[in-house]
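Asker: Here UniProt numbering is used: position 14 in the sequence shown is 14, and no number is missing along the way.
Below is one structure. I have some questions about it.
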Amino acid sequence: MSIKVENLTKKYGTQRAIDNISFEVKEGEILGFLGPNGAGKTTTMKIITCFMAPSDGDVNVDGHSIHEHPDLIKKKIGYLPESNPLYYDMPVLEYLEFVAELQGVKKDQIKKRIVEMVRVCGLNIEKHKKIGELSKGYRQRVGLAQAMIHDPDILILDEPTTGLDPNQIVEIRKLIRELGREKTVILSTHILPEVEATCDRILIINKGKIVADGTPDSLRNKAQGQEILRVQILDAPSKDEIISSLQSIETISMVDPVQNNENTFVVNSKPEQSSRKDIFNLCVSKNWVLTEMAPIETKLEDIFRELTTD
């Protein structure tokens, strides 16, 4: 089930929280939605889930407009907001039953869905406790369970691993990956390694505008613009000879020795060219031993910082 966002704008007075953004999320795709605080992520999610009306533009969920069929769309979506509003005085099982009824789960299926969510979200130990007695991590698990209780086709998760310990984070990431095989998932987070571990595609928003959209690899390649290699060569007469020989290669623009690492160099290829084959051939011709030749990737953190910092 796909989501299509078209020319979406949300104004607060003269301030534009989101400014004419458009993107699409396909069925079976996990989209990582990134941006600094106040960039427009949560506003966009609230509009997609029909909890907030846009000032302009539209969102189509499985061909249905948020303006014309908001109630139908809500049934297709499971939403975990960042604030994760829960009824603290209700026991976990009672709360999940309450949410299942609200979401229209058939009566003969409610118990089965609750058992499944307790298992999937690791709530068995705490299922009889009141939500207010749970740790922050377990309350987050209850939030995930309520988002999935009606087996929605779309999941929209705002900071889903907040408050979880490292082991719980790994479990939730695995769960999201499994869900993404058959559901459409939008995942908002500020934890960049989480995006790389979980998402098929990344969308970065800043000041209400989309500033990047692509796979992690495509964003790195676009940001890097040229090939950068880490190269280690042994059995050469001297470091200076290695440097001069590498600099003589036509496809190489720059060679820098790595400090405190003997005979290791950072090699920049010229734009839109690769020097790997030439480096290999050089070593063969001189009987040098090429022990390392690996690409140095631009970090996702660096890309994010560059696109969201004035």
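C-beta atoms are modelled at their ideal positions from N, C-alpha and C, and glycine is treated no differently.
Whose C-alpha, out of Arg-139, Tyr-138, Lys-129 and Asp-151, is nearest the C-alpha of Lys-112?
Answerer: The shortest Cα separation from Lys-112 among Arg-139, Tyr-138, Lys-129 and Asp-151 belongs to Asp-151.
Asker: From the DSSP output, which residues share a beta bridge with Glu-6?
Answerer: Answer is Asp-58.
Asker: For Cys-199, which residues of its own chain have a beta-carbon under 8 Å away from its beta-carbon, when the five flanking residues on both sides are left out?
Answerer: Around Cys-199: Ile-30, Leu-31, Gly-32, Leu-187 and Pro-216.
Asker: Could you please give me the residues that DSSP links to Asp-158 through a beta bridge?
Answerer: Paired residue(s): Ser-188.
Asker: Would you identify the three-state DSSP class for Phe-98, choosing helix, strand or coil?
Answerer: Phe-98 falls in the helix class under three-state DSSP.
Asker: Could you give the C-beta distance for Lys-209 and Asp-58, rounded to a whole number, given that I count them as a contact under 8 Å?
Answerer: With a Cβ gap of about 18 Å, Lys-209 and Asp-58 do not count as contacting.
Asker: To the nearest whole angstrom, what separates the beta carbons of Ser-49 and Lys-74, a pair I think is in contact under 8 Å?
Answerer: According to the sequence provided, residue 49 is Thr. The question's Ser does not apply to it. Sure, about 7 Å apart at Cβ, within 8 Å.
Asker: Measure the CB-CB distance between Leu-155 and Ile-172 and report whether it falls below 9 Å.
Answerer: No, the Cβ-Cβ distance between Leu-155 and Ile-172 is not below 9 Å.
Asker: Can you name, in chain order, every residue of its own chain whose Cβ lies under 8 Å from the Cβ of Tyr-88, other than the five neighbours on each side?
Answerer: Excluding residues within five positions, the ones whose Cβ falls inside 8 Å are Lys-130, Ile-131 and Gly-132.
Asker: Out of Pro-70, Ile-114 and Thr-42, point me to the one whose CA is closest to Ser-83's CA.
Answerer: Among Pro-70, Ile-114 and Thr-42, the Cα nearest to that of Ser-83 is on Thr-42.
Asker: Let me confirm a value: Asn-263 is counted as buried when at least 16 other C-beta atoms fall within 10 Å, else exposed. Which label applies?
Answerer: That one is buried.
Asker: Just list the residues that DSSP pairs Leu-31 with in beta bridges.
Answerer: In DSSP, Leu-31 forms a bridge with Ile-186 and Arg-201.
Asker: Is Ala-197 near Ile-204, with beta carbons less than 9 Å apart?
Answerer: The answer is no: Cβ separation not under 9 Å.
Asker: What do you reckon, are the CB atoms on Gly-184 and Ile-3 nearer than 9 Å?
Answerer: According to the sequence shown, residue 184 is Thr rather than Gly. Contact: yes.
Asker: DSSP three-state call for Ala-236: helix, strand or coil?
Answerer: Coil, per DSSP.
Asker: Do Gly-180 and Gly-78 have their C-beta atoms within less than 9 Å of each other?
Answerer: Contact flag unset, no.
Asker: Considering only DSSP beta bridges, list what Pro-295 is partnered with.
Answerer: Pro-295 is bridged to Leu-229.
Asker: Along the chain, which unbroken stretches of the alpha helix (DSSP H) at least 4 residues long are found entirely within the segment 86-158?
Answerer: DSSP runs (the alpha helix (DSSP H)) wholly in the segment 86-158: 92-102, 107-120 and 136-148.
Asker: Quick check: Tyr-95 and Gln-168, are their CB atoms within less than 9 Å of each other?
Answerer: No. Outside cutoff.
Asker: Taking the continuous beta strand (DSSP E) assigned at Met-45, which residues delimit it?
Answerer: From DSSP, Met-45 is part of no beta strand (DSSP E) but of the alpha helix (DSSP H) over 41-48.
Asker: Classify Asp-256 as buried or exposed, calling it buried when 16 or more other Cβ atoms lie within 10 Å of its own Cβ.
Answerer: Classification of Asp-256: exposed, given that the 10 Å Cβ count is below 16.
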